[in-house]
Amino acid sequence: MNLTINSNNNNRPSYEALDPVSFLPDELVMAIFSCLNLSSLGTIGAISKSWKLLAEDPALWKNAIYREIAFTNDIWAKVFGEEVVKDEDRKEEYSSFPWKDFISDCRKFKSLFPEKNAKEFLMIVRLPKTLNGQLNLKNLGELSKKCFKDSETGYNFIWPTAMEEFGEKSIDKSVWVIMTKDVLPGSRSKSYIEQQEMVRELAEKTLTGYGISNILKYSACILSQYFFDPNYRSFSSKPWTFTRSTDQLKGNQIVAGGVSANGLTISFSQDDKHTGVAILRDEFEKNVK
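Per full-length UniProt numbering, residue 1 is the first one in the sequence shown, and the count goes up by one each step.
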């Protein structure tokens with residue numbers, strides 16, 4: 001690196017300003033960029049063409065989304081202790097992280113619902129099969145007691161018949177899930193058949209891979225947001241908001257939502273203004289980078 005010194009008319013040396021863009025090595029710039037949040041990463045490229053090219057590195061975006069938006073095994077461990085995810089494969093978790101799908105889906109949702117902030121409309125959650133031994137409604141309730149301290153069961157209410165039927169059912173494998181943070185606009189006060197048709201049309205039109213899911217995945221995803229941020233307000237009791245699931249008992253779809261100071265409510269559905277439908281996807285092409 002050369003520093004040029006010139007003399008001015010007052011015989012005082014003047015110094016040419018150094019351009020950090022030109023003399024910082026790319027390796028150092030990338031190390032700095034890896035610490036940026038999504039907002040900064042999106043604007044840093046305006047400084048120079050060379051920095052713009054560096055900022056477009058897919059690894060940077062994957063890492064930023066993983067760190068800033070996703071509810072990961074690291075966060076499960078941070079909230080409940082490393083023991084609850086000790087049997088999870090962290091390498092596979094990161095390698096399979098569907099960050100490209102998340103970006104693509106944010107754009108799709110924005111085109112369908114322009115009034116919504118896409119990033120705030122979708123959550124991305126890691127569901128560990130071995131969470132606290134095994135991911136199921138009973139174990140979720142046990143974990144929830146730490147965050148909803150006034151609840152004896154970890155739930156505000158859970159329909160006893162639903163707990164008997166679904167309480168110990170788990171998932172086939174650990175998966176990433178992208179889910180809406182609220183029920184779909186226009187899905188409240190409709191029958192389940194009408195909601196199914198609405199979701200089918202959206203999936204055929206734009207939202208490929210999305211659908212209505214089971215009560216366990218909905219419950220785990222909704223609770224994850226409250227575990228991460230106690231001030232989270234979707235699927236809450238103010239106003240009452242529930243999503244129907246694919247699980248059914250006695251002719252009724254099971255619903256999840258209505259989170260209060262005592263936890264999540266799992267009950268049976270009614271065709272009213274409180275009940276809509278959220279959608280999620282849990283199948284993705286392999287992300288190898």
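Glycine included, each C-beta is placed from N, C-alpha and C at the ideal position.
6 Å CB neighbourhood of residue i in its chain, flanking five on each side removed
i	result
F80	L143
residue 313	This structure cannot speak to residue 313, because the chain is shown only from 1 to 289.
S170	Q134, L135, N136
K52	G45
K273	R188, S189
Through-space distance from residue j to residue i, alpha-carbon basis
i	j	result
P128	N136	10 Å
S189	E285	35 Å
G154	G211	27 Å
P114	K205	16 Å
K86	N132	9 Å
S48	S40	14 Å
A162	E56	48 Å
N73	P230	18 Å
F97	A220	18 Å
F148	K100	34 Å
T241	P185	12 Å
Y232	I222	10 Å
A31	L24	11 Å
L54	E92	26 Å
K108	V199	14 Å
G42	E82	33 Å
G251	E168	21 Å
P58	G141	38 Å
R90	D172	17 Å
E27	K78	31 Å
Spatial neighbours of residue i in its chain, beta-carbon cut-off 7 Å, leaving aside the 5 residues before and after
i	result
S34	L60, N63
S191	D271
W76	V84, V85, P128, L131
For residue j and residue i, believed in contact at Cβ under 8 Å, the rounded distance
i	j	result
G276	S187	4 Å
S224	V125	5 Å
E88	S174	6 Å
N156	S236	In fact, because the Cβ distance is near 11 Å, the residues do not count as touching under 8 Å.
D282	S234	That belief does not hold up - the Cβ atoms of D282 and S234 are roughly 19 Å apart, past 8 Å.
Per-residue DSSP class, three states only, for residue i
i	result
S187	coil
F242	strand
Q225	helix
T153	coil
residue 334	What the structure shows of the chain is the stretch from 1 to 289, and residue 334 is not part of that stretch, so it cannot be assessed.
I5	Bear in mind that a pLDDT of 45 at I5, under 50, signals an unreliable position, so the number given afterwards is only what the model happens to contain. It is a strand residue.
R90	helix
S48	coil
I158	strand
G133	helix
A278	coil
F235	coil
F113	coil
S40	helix
G257	strand
S96	coil
I171	coil
F102	helix
Residues of its chain near residue i, where Cβ-Cβ distance is below 8 Å and the 5 sequence neighbours each way are ignored
i	result
Y218	M179, T243, S245, A256, A278, L280
Q253	Y192, R244, S245, T246, D247, F268, S269
Y94	Y66
K116	F109, K110, P185
Residue i versus the options, residue with shortest Cα-Cα distance
i	options	result
N139	S48, E115, F166, R90	F166
L264	L216, Q248, G251	L216
V29	G45, L38, S39	G45
V177	E164, N156, F71	F71
I158	A77, N262, L36, E194	N262
residue 311	L53, A55, S104, N231	This structure leaves residue 311 out entirely; the chain is present only between 1 and 289.
S213	L54, L36, Q195, I32	Q195
R67	N37, P98, F102	N37
F227	E197, L24, K145	K145
F102	R90, I69, W76, I222	I69
L249	T130, P160, V199	P160
G164	L53, D26, I266	Gly is not the amino acid found at residue 164; the sequence shown has Glu there. It is I266 whose Cα lies nearest to the Cα of E164.
L202	L112, K116, H274	L112
Proximity test, Cβ basis, 9 Å: residue i and chain B
i	result
Q270	In the structure shown, chain B cannot be found, because there is only a single protein chain.
Any non-hydrogen atom of the ligand NAD closer than 8 Å to residue i Cβ
i	result
K78	This structure lacks the ligand NAD, and indeed carries no ligand of any kind.
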